[in-house]
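Novice: There's a structure below that I have some questions on.
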Amino acid sequence: MLRQWVRNRMPSQEALRQHKVLRLFGDRLLDPDYWFCNRHSAAVAVAAGLFAAWLPLPMHTLVAIALAVLMRGYLPLAIAMVWVNNPLTIAPMFYLAYELGLTLLNQPEVQFSAGFSLEHEALAVAAPLFAGSLLLALASAALGWLLTRLGWRWKVQLALLRRRARREP
721 MLRQWVRNRM PSQEALRQHK VLRLFGDRLL DPDYWFCNRH SAAVAVAAGL
771 FAAWLPLPMH TLVAIALAVL MRGYLPLAIA MVWVNNPLTI APMFYLAYEL
821 GLTLLNQPEV QFSAGFSLEH EALAVAAPLF AGSLLLALAS AALGWLLTRL
871 GWRWKVQLAL LRRRARREP
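Quick note on numbering: the sequence shown equals residues 721 to 889 in the numbering used here.
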């Protein structure tokens with residue numbers, strides 16, 4: 721049911737070919753392997769999407785697509801996982817990353833002054849934010865990959881047990 725819903729909402733190959741930004745990837749996006757979901761491609765897509773979601777950079781979706789293409793992941797899932805970072809979650813996520821970065825780099829918290837310079841304050845915040853974001857991106861990507869692999873295996877084993885139970889009298 722979910723697979724059919726996704727298939728109905730996916731853009732056509734011609735629409736992808738005509739999209740201005742996606743031309744960066746050429747015809748690689750049209751490869752059927754990127755549009756087929758299996759245990760490997762789903763786990764890679766979750767990891768790519770979660771990694772990209774933590775990066776304090778613009779265009780998370782393009783980063784997730786590039787990572788999914790590089791590692792042969794399922795593109796729709798990689799794009800969907802980027803939306804873990806949305807307008808409701810972006811502030812808490814980056815504040816957590818900033819605080820973790822401060823701890824990792826052993827730096828004091830930046831105190832904004834009344835006549836502060838935006839460039840100076842942004843540079844002071846950048847190093848801890850990037851350090852914390854990178855660590856959280858790697859950790860969430862690894863955890864997402866592992867949980868997807870384990871969940872997929874559990875689902876297959878459950879289906880096998882149900883099939884065996886139906887055959888037994």
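The beta carbon of each residue, even a glycine, is placed where N, CA and C say it ideally should be.
#1: Which full runs of the alpha helix (DSSP H) of 4+ residues lie inside the stretch 779 to 852, going along the chain?
#2: Using only the alpha-carbon positions, how far apart do Leu802 and Ile810 sit?
#3: Would you tell me roughly how many angstroms separate the C-alpha atoms of Leu808 and Arg887, rounded to the nearest one?
#4: State whether the stretch 760 to 777 contacts the stretch 860 to 868, with contact taken as three or more CB pairs (one from each stretch) at a distance under 8 angstroms.
#5: Using a threshold of 9 angstroms, state whether the C-beta atoms of Leu797 and Ala772 are closer than that.
#6: To the nearest angstrom, report how far apart Lys740 and Val830 are at their CA atoms.
#7: Mapping the DSSP letters down to three states, classify Asn758 as helix, strand or coil.
#8: Using 10 angstroms around the beta-carbon of Val876, count the other beta-carbons present and answer buried if the total reaches 16, otherwise exposed.
#9: Give the secondary structure of Leu775 by DSSP, where H, G and I count as helix, E and B as strand, and everything else as coil.
#10: Considering only the beta carbon of each residue, do Leu863 and Leu790 sit closer than 9 angstroms?
#11: I believe Pro848 touches Tyr818 by the beta-carbon criterion, under 8 angstroms. Please report the beta-carbon distance rounded to the nearest angstrom.
Specialist: In brief:
#1: 780 to 791, 795 to 802 and 810 to 825
#2: For this step, residue 802 is matched to residue 82 along the sequence shown. For this step, residue 810 is matched to residue 90 along the sequence shown. A small correction: the amino acid at residue 802 is Val; Leu does not occupy that position in the sequence shown. About 11 angstroms.
#3: Sequence index remark: in the sequence shown, residue 808 carries index 88 (1-based). Sequence index remark: in the sequence shown, residue 887 carries index 167 (1-based). Taking the straight line joining both Cα atoms gives about 49 angstroms.
#4: yes
#5: Taking the first residue of the sequence shown as position 1, residue 797 is located at position 77. Taking the first residue of the sequence shown as position 1, residue 772 is located at position 52. Contact: no.
#6: For the purposes of this step, residue 740 is taken as residue 20 along the sequence shown, with counting starting at 1. For the purposes of this step, residue 830 is taken as residue 110 along the sequence shown, with counting starting at 1. Their backbone Cα atoms lie some 40 angstroms apart in a straight line.
#7: Translated into the one-based positions of the sequence shown, residue 758 becomes position 38. Asn758: coil per DSSP, three-state reduction.
#8: Stepping through the sequence shown from its first residue, residue 876 is reached at position 156. Taking a 10 Å sphere around the C-beta of Val876, we find fewer than 16 other C-beta atoms and assign the residue as exposed.
#9: For this step, residue 775 is matched to residue 55 along the sequence shown. In the structure shown, Leu775 sits in coil (DSSP, three-state: anything other than H, G, I, E or B).
#10: On the sequence shown, position 143 is the one that residue 863 refers to. On the sequence shown, position 70 is the one that residue 790 refers to. Taking 9 angstroms as the Cβ cut-off, Leu863 and Leu790 do not qualify as a contacting pair.
#11: Along the sequence shown, one-based indexing puts residue 848 at 128. Along the sequence shown, one-based indexing puts residue 818 at 98. Indeed they touch by this definition, with Cβ atoms about 5 angstroms apart.
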